[in-house]
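One structure is given below, encoded as structure tokens.
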Amino acid sequence: MQDSHFTAQSPLSRRQLLTSSIAAASLAAMSPQLAGAAEMIPGRHAPKFKFSLAAYSYRSLLQGKGDAAPKMDLLGFIDECARMQLDGVELTSYYMPEEPTEAYLIGLRSHCFRQGLAVSGTAIRNDFGHSETATRNRELEHVRRWIDHAATLHAPMIRIFAGHGQKGNSPEQTHELMVEGIQKSCEYAGKHGIYLALENHGGVTASADGLLKLVRDVDSPWLGVNLDTGNFRFGGEPYEQMEAVAKYAVNVQVKVVVKDADGKPQPMDFPRLKKILTDANYRGFVVLEYEEPGDVPAECRRYVQQMRTDLAL
């Protein structure tokens, strides 16, 4: 997914990249929003989709209940993805040891390779809304540690959160704290060739406007969006919001249920998603993240096949 403009050696910021691009300048004249999108991910001239499955989909099997041991580990999950003939696996950090060793991560990486799978990315919990110094430093260190882990895994991308506003902080203060946390993390991520993908995940990022306000204020070519189709909670019609952020996406997580503008659950409209991603010239992984009840392996197999059919280019 790495564009030739975006190398760890490049001294250009994405704002400098925009000013140096005639095409981007033309877009800027036509639409500021599109210029911002082009500024983030330049050079995508045609869509390309690769399919992956998030380990979070198998959470009921990967995490034990009470004293019961998990029914599956990540090696077994990788085998499941291989049986589905997927292109990649998203290895959610939640199902790894709290402090995974290098040997453990290399073991996962090599198992993926033997099964013909890429590691499409990983996902972590973090919160940049904290202003208290010790807590904030712990959050920043946590993200840096997982950037190191992602590099060992050969995971090109980490899904991150912005976090939540804390009591006593104004919206403006919260915004600045989040921008600063993401900016510092991107500076470290870029040294390792890892993209950070900010998800529309509650709080200030639960709408396209809130998400993009953060993305546009962080000046780094190593930041993109993790477009989660099921996580827009306000701000209007969900597919319109998906369209607004699609040009910023470096990863797409697909839920099989989407809430409409009135908050009512509706089945995912895969053909409409295909048009949104195609129009944005999205190139990268489309990751099923299954959250509904039922026989999880069977449902994941069914929806992986539906994605292959409905999103075929």
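Under mature numbering (1 follows the signal peptide of the UniProt record, and there is no 0), residues -37 to -1, 1 to 276 are what the sequence shown spells out, in order.
We treat Cβ as the ideally placed atom computed from N, Cα and C, and that holds for glycine.
Legend entry - residue 246 - DSSP class collapsed to helix/strand/coil: For the purposes of this step, residue 246 is taken as residue 283 along the sequence shown, with counting starting at 1. DSSP places residue 246 in strand when its eight states are reduced to three.
Legend entry - Buried or exposed (CB count within 10 angstroms, at least 16 for buried), residue 23: Your numbering for residue 23 matches position 60 in the sequence shown. Per the 10 Å Cβ criterion, exposed.
Legend entry - Cα-Cα separation between residue 107 and residue 155, rounded to whole angstroms: Against the sequence shown, residue 107 aligns to sequence position 144. Against the sequence shown, residue 155 aligns to sequence position 192. Rounded to whole angstroms, residue 107 to residue 155 spans 10 Å at the Cα level.
Legend entry - Bounding residues of the beta strand (DSSP E) (the contiguous stretch that carries residue 70): Taking the sequence shown and counting its residues from 1, the one referred to as residue 70 is at position 107. Where residue 70 is concerned, there is no enclosing beta strand (DSSP E), although the alpha helix (DSSP H) it sits in stretches over 65 to 77.
Legend entry - DSSP beta-bridge partners of residue 191: Counting from one through the sequence shown, the residue named residue 191 turns up at place 228. BP columns for residue 191 point to 216.
Inset, instruction - For chain B, find out if any of its Cβ atoms is closer than 8 Å to the Cβ of residue 217; answer yes or no. - result: Annotation note: the requested chain B is absent from the structure, which comprises a single protein chain.
Legend entry - Reduced DSSP category for residue 277 - H, G, I as helix; E, B as strand; rest coil: A query on residue 277 cannot be resolved here, the shown segment of the chain reaching from -37 to 276 and no further.
Legend entry - Alpha-carbon to alpha-carbon, residue 142 and residue 294: Nothing can be reported for residue 294, as the shown portion of the chain is limited to -37 through 276.
Inset, instruction - Compare the C-alpha of residue 15 against each of 71, 68, 84 and name the closest. - result: Within the sequence shown, the letter at position 52 stands for residue 15. Cα-wise, what sits closest to residue 15 is 84.
Legend entry - Contact set for residue 82: own chain, Cβ-Cβ below 7 Å, skip 5 residues either direction: For the purposes of this step, residue 82 is identified with residue 119 of the sequence shown, where counting begins at 1. Counting only Cβ-Cβ distances below 7 Å, and skipping sequence neighbours, we find 51, 52, 54, 72, 75, 116, 117, 118.
Inset, instruction - Check whether the segment 117 to 136 touches the segment 92 to 103, counting contact only when three or more Cβ pairs, one atom from each stretch, lie closer than 8 Å. - result: yes
Inset, instruction - Give a yes or no on whether the C-beta atoms belonging to residue 252 and residue 217 are separated by under 8 Å. - result: For the purposes of this step, residue 252 is identified with residue 289 of the sequence shown, where counting begins at 1. For the purposes of this step, residue 217 is identified with residue 254 of the sequence shown, where counting begins at 1. Their beta carbons are under 8 Å apart, which means residue 252 touches residue 217 by this criterion.
Inset, instruction - Classify residue 194 as buried or exposed, calling it buried when 16 or more other Cβ atoms lie within 10 Å of its own Cβ. - result: Numbered from 1 along the sequence shown, position 231 holds the residue referred to as residue 194. Counting Cβ neighbours within 10 Å, residue 194 comes out buried, since at least 16 surround it.
Inset, instruction - Quick one: using the 10 Å Cβ neighbour count with 16 as the cut-off for buried, is residue 37 buried or exposed? - result: What you label residue 37 is simply residue 74 of the sequence shown in a count that begins at 1. When all chains shown are included, residue 37 counts as buried.
Legend entry - Start-end ranges of the beta strand (DSSP E) lying completely within the segment 119 to 196, minimum 3 residues: 120 to 123, 158 to 162, 186 to 191
Inset, instruction - Compute the Euclidean distance between the alpha carbons of residue 134 and residue 176, then round it to the nearest angstrom. - result: Numbered from its first residue, the sequence shown carries residue 134 at position 171. Numbered from its first residue, the sequence shown carries residue 176 at position 213. Those two C-alpha atoms are separated by around 12 Å.
Inset, instruction - Taking only the alpha-carbon atoms, compute the straight-line gap between residue 257 and residue 34 and give it to the nearest angstrom. - result: The residue labelled residue 257 in the question sits at position 294 within the sequence shown. The residue labelled residue 34 in the question sits at position 71 within the sequence shown. In a straight line, the C-alpha of residue 257 is about 16 Å away from that of residue 34.
Inset, instruction - Taking only the alpha-carbon atoms, compute the straight-line gap between residue 66 and residue 113 and give it to the nearest angstrom. - result: Locating residue 66 in the sequence shown gives position 103, where the first residue counts as 1. Locating residue 113 in the sequence shown gives position 150, where the first residue counts as 1. In a straight line, the C-alpha of residue 66 is about 13 Å away from that of residue 113.
Inset, instruction - Can you have a look at residue 228 and say buried or exposed, based on whether 16 or more other CB atoms are within 10 angstroms of its CB? - result: If you number the sequence shown from 1, residue 228 lands on position 265. By the neighbour-count rule (16 or more Cβ atoms within 10 Å), residue 228 is not buried but exposed.
Inset, instruction - Check whether the Cβ atoms of residue 222 and residue 4 sit closer than 8 Å, and answer yes or no. - result: Residue 222 sits at position 259 when you count from the first residue of the sequence shown. Residue 4 sits at position 41 when you count from the first residue of the sequence shown. No, these two residues do not count as a Cβ contact at 8 Å.
Inset, instruction - Within the same chain, show all residues whose beta-carbon is closer than 7 Å to that of residue 68, passing over the 5 residues directly before and after it, in chain order. - result: Looking up residue 68 in the sequence shown gives position 105. If we look at residue 68 and ignore the five residues flanking it on each side, its Cβ neighbours are 112, 115, 116.
Legend entry - Check whether residue 213 and residue 188 have beta carbons under 8 Å apart: Along the sequence shown, read from residue 1 onward, the residue named residue 213 stands at position 250. Along the sequence shown, read from residue 1 onward, the residue named residue 188 stands at position 225. Yes. Within cutoff.
Legend entry - Exposure label - residue 137; buried when at least 16 CB within 10 Å: Along the sequence shown, one-based indexing puts residue 137 at 174. Buried, since its Cβ has 16 or more Cβ neighbours within 10 Å.
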